[in-house]
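Undergrad: Per the UniProt record's numbering, the sequence shown starts with residue 1, numbered consecutively. Below is a structure I'd like to ask you about.
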Amino acid sequence: MSKYPWQGFSVKIHPLFWLVVCSAVWTGHFIELMTLFVLVVIHELGHITAAWSYGWRIRKMEILPYGGVAEVDEWGNVSAREEIVVALAGPFQHVWLIIMSLLFMYSGLWDQQWTAYFIQANLVLISFNLLPIYPLDGGKVLQAVFSYFLPYQKCILYTLWFSIISACFIWISLLWILSTPYAFNGIVLMSFLIFSNIVALKQRRYQFIRFLLSRLNQKSVLKQKRKALTVYEDDGLWHTMTGWYKGKYHVIRILDPTGNVVGQITEEMILKHYFEYGHYHSDVNELLS
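Dropping the structure here:
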């Protein structure tokens, strides 16, 4: 863990961002764009600082044409509470920025017009990032909340479908107000989010495998609250793991076809049998022998 939250990760600027810069210079909106750029960086540093405080591994911060993203290794592999705090740490930065702008205005450092723009920019970033669409902050909070009630595989599936439906609804709504200045930008952003979630939907198995691998040979998992699950002896290992919850250590009772308990195994046994020994098509009854 680095000594300071802004150490130990790389910063990448997407090539298309420079196209946006050129467009802003051409149209005379360079100052406004740079203001949004600074706000986005502060927003992402809020995520990074919160993640750093929990000891998360921060890979990089990337500035995209539509905003920014802080890439970390821990999404899905830590407690829901930590995920919610880290996700909300970004939008929270805009609260103190708005308060600061009002103090500057009342002290005479900023005029009313610039303060109004600054507050509007912060409110837009808060509203956009808190939309319940993955991978926006609101979508990450939604998935973390789902994890309290649903197995993690279903959390992934439901979050992505909810995100796609929400983004489609907003996309269609924006068509009705296409004459407004920002409607076209909104349609582009929603199109990107719809595409991103469709790709994530196709790759959700890999996200779930990453969740499972993070639990393999981790002593901290043994300290988690135990949750008892019941399966039949001819159920496959993969089918059994799809019923696992985040933040729980699973103890699995095995039933025979008549419903009698014939044995009990732990998630650690299943993970080793599946990943270390490569028994991908085994049934749970093989672990009883």
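Even glycine gets a Cβ: it sits at the ideal position worked out from N, Cα and C.
Quick check on the burial criterion: 16 or more other C-beta atoms within 10 angstroms. Buried or exposed for residue 116?
TA: Here residue 116 refers to the residue found at position 116 of the sequence shown. It is exposed - the Cβ of residue 116 has fewer than 16 other Cβ atoms within 10 Å.
Undergrad: In or out: residue 177 buried (at least 16 other Cβ within 10 Å) or exposed?
TA: Here residue 177 corresponds to residue number 177 of the sequence shown, with the count starting at 1. Classification of residue 177: exposed, given that the 10 Å Cβ count is below 16.
Undergrad: Is residue 220 helix, strand or coil by DSSP?
TA: Translated into positions along the sequence shown, residue 220 becomes position 220. Helix.
Undergrad: When we look at the beta-carbon of residue 220 and count the other beta-carbons within 10 Å, is it buried (16 or more) or exposed?
TA: Counted from its first residue, the sequence shown places residue 220 at position 220. Exposed.
Undergrad: Restricting to Cα atoms, I'd like to know which of 103, 196, 175, 60 is closest to residue 139.
TA: As a working note, residue 139 is residue 139 in the sequence shown. Comparing Cα-Cα distances from residue 139 to each of 103, 196, 175, 60, the minimum goes to 196.
Undergrad: Tell me which residue opens and which closes the alpha helix (DSSP H) that residue 239 is part of.
TA: The residue you call residue 239 lines up with position 239 of the sequence shown. It spans 237 to 241 - the alpha helix (DSSP H) in which residue 239 sits, taken as one unbroken run.
Undergrad: Can you list, in chain order, the stretches of the alpha helix (DSSP H) that have 4 or more residues and sit fully within the stretch 229 to 273?
TA: 237 to 241, 267 to 271
Undergrad: Could you have a look at residue 67 and say whether DSSP puts it in helix, strand or coil?
TA: Counting from one through the sequence shown, the residue named residue 67 turns up at place 67. Residue state, collapsed to three classes: strand.
Undergrad: For residue 107, which three-state DSSP category applies?
TA: Here residue 107 is taken as the residue at index 107 of the sequence shown, counted from 1. Coil.
Undergrad: Checking 9 Å against the spacing of the C-beta atoms, do residue 10 and residue 61 come in under that value?
TA: For the purposes of this step, residue 10 is identified with residue 10 of the sequence shown, where counting begins at 1. For the purposes of this step, residue 61 is identified with residue 61 of the sequence shown, where counting begins at 1. The answer is yes: Cβ separation under 9 Å.
Undergrad: Measure the Cβ-Cβ separation of residue 230 and residue 255 and say whether it is below 9 Å.
TA: Numbered from its first residue, the sequence shown carries residue 230 at position 230. Numbered from its first residue, the sequence shown carries residue 255 at position 255. Cβ atoms of residue 230 and residue 255: closer than 9 Å.
Undergrad: Which residues bound the alpha helix (DSSP H) around residue 166?
TA: The count along the sequence shown starts at 1 and reaches residue 166 at position 166. Looking at the DSSP string, the run of the alpha helix (DSSP H) that includes residue 166 is 152 to 176.
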